[in-house]
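See structure below.
Numbering (full-length UniProt numbering), first residue to last: 1 to 138.
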């Protein structure tokens, strides 16, 4: 788990090859936007994400590891020129991991609010979502 967290804290568009150090070749990766199978596809997915991000940083809370399962909550702060006027956006998330006998990840699932990450920061759509959320609280 320590190697996994350290890799993500250092990960950027120029060192995506380090993903092979923490993931198995047949990794299954799931987040609210995509499901990707295989290290080559995962690396390609991350390359497409990182090419549009100006900056990204993960802050991890204390992980929980039980046998070959790992869980960690986190905050991700990123900036993207097309979202929130390029200002940093911070979202909370949780990751569920499954490790093999060599401590490589073969299952990675991220849970986070995709609306808080993307939709709320698109000018017109963001205002509509904010209006809907306020209405739900009444």
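Heads up, the beta-carbon is just placed ideally off N, CA and C, and yes, glycines get one too. Keep in mind it's a predicted model, so treat the numbers as computed, not measured.
- Counting only runs of 3 or more residues that sit fully inside the stretch 36 to 107, the beta strand (DSSP E) segments are 55 to 60, 64 to 66, 69 to 79 and 89 to 99, in chain order.
- Around the beta carbon of residue 90, fewer than 16 other beta carbons sit within 10 angstroms, so the residue counts as exposed.
- Burial state of residue 57 is exposed, judged by a 10 Å Cβ sphere holding fewer than 16 other Cβ atoms.
- Taking residue 5 as the centre and dropping the five residues before and after it, the same chain places the C-beta of 60 closer than 6 Å to its C-beta, in chain order.
- The continuous beta strand (DSSP E) containing residue 30 extends over residues 23 to 30.
- Counting only the Cα atoms, residue 42 lies some 13 Å from residue 11.
- By the 16-neighbour rule on beta-carbons within 10 angstroms, residue 77 is exposed.
- The beta carbons of residue 68 and residue 98 sit closer together than 8 Å.
- Counting along the chain, the unbroken alpha helix (DSSP H) around residue 7 starts and ends at 2 to 10.
- Non-local C-beta neighbours of residue 95 in its own chain, meaning closer than 6 Å and more than five positions away in sequence, comprise 72 and 110, ordered along the chain.
- Ranked by how close their Cα comes to the Cα of residue 114, the residues 31, 48 and 44 have 31 in first place.
- The beta carbon of residue 7 sits closer than 6 Å to the beta carbons of 18 and 22 from its chain, once the five residues preceding and following it are set aside; these are given in chain order.
- Looking at the DSSP output, residue 110 shares a beta bridge with 95.
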